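*Asks:*
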Amino acid sequence: KRFIAKKMGAAFFPVLFFTALWGGVGIAMPIMTPKGPHQNLIRCILMLTAACCWLFWLCCYMAQMNPLIGPKLKRDVVAMIGRSWNPIVAG
Numbered sequence: 001k002r003f004i005a006k007k008m009g010a011a012f013f014p015v016l017f018f019t020a021l022w023g024g025v026g027i028a029m030p031i032m033t034p035k036g037p038h039q040n041l042i043r044c045i046l047m048l049t050a051a052c053c054w055l056f057w058l059c060c061y062m063a064q065m066n067p068l069i070g071p072k073l074k075r076d077v078v079a080m081i082g083r084s085w086n087p088i089v090a091g
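Be aware that the sequence shown starts at 1, since it is given in UniProt numbering, and climbs by one per residue.
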């Protein structure tokens with residue numbers, strides 16, 4: 001039995017879901033703010049919150065797609081993994 005390792009990539013559903021979620025907070029919520037002296041301030045806060053949270057989520061999500069650092073393994077551990085994973089084809 002041979003296994004083929006898949007490369008990690010962006011999935012469409014999480015990006016769409018969180019974009020819609022934070023888009024709703026940044027667009028729909030400011031429309032529903034109550035009238036008052038601070039209505040513009042509340043709208044600004046909601047839009048900035050949505051933009052910052054979405055950007056933070058996107059950066060975290062993208063960092064997991066292609067991590068810059070990985071585990072530091074000793075030479076004998078790498079050799080053992082190589083022997084036990086011999087049938088696996090990366091690609």
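Quick reminder that beta carbons are idealized off the backbone N, C-alpha and C, glycines included.
Computed from a prediction, not measured in an experiment: that's the story for all the values here.
Only counting the same chain, and skipping five residues up and downstream in sequence, which positions put a Cβ closer than 6 Å to that of residue 29?
*Replies:* Apart from the 5 residues on each side of it in sequence, residue 29 sits with its Cβ closer than 6 Å to the Cβ of 46 in its chain, given in chain order.
*Asks:* In whole angstroms, what is the alpha-carbon distance linking residue 18 and residue 86?
*Replies:* Approximately 39 Å between the Cα atoms of the pair.
*Asks:* Kindly confirm or deny that the region 44-61 and the region 19-28 touch, where touching means at least three C-beta pairs closer than 8 Å.
*Replies:* Yes, the region 44-61 is in contact with the region 19-28.
*Asks:* Taking the alpha-carbon positions, what's the residue 91 to residue 73 distance?
*Replies:* Interpretation of residue 91 is limited by its pLDDT of 45, a score under 50 that renders its predicted location unreliable; no figure is taken from the coordinates.
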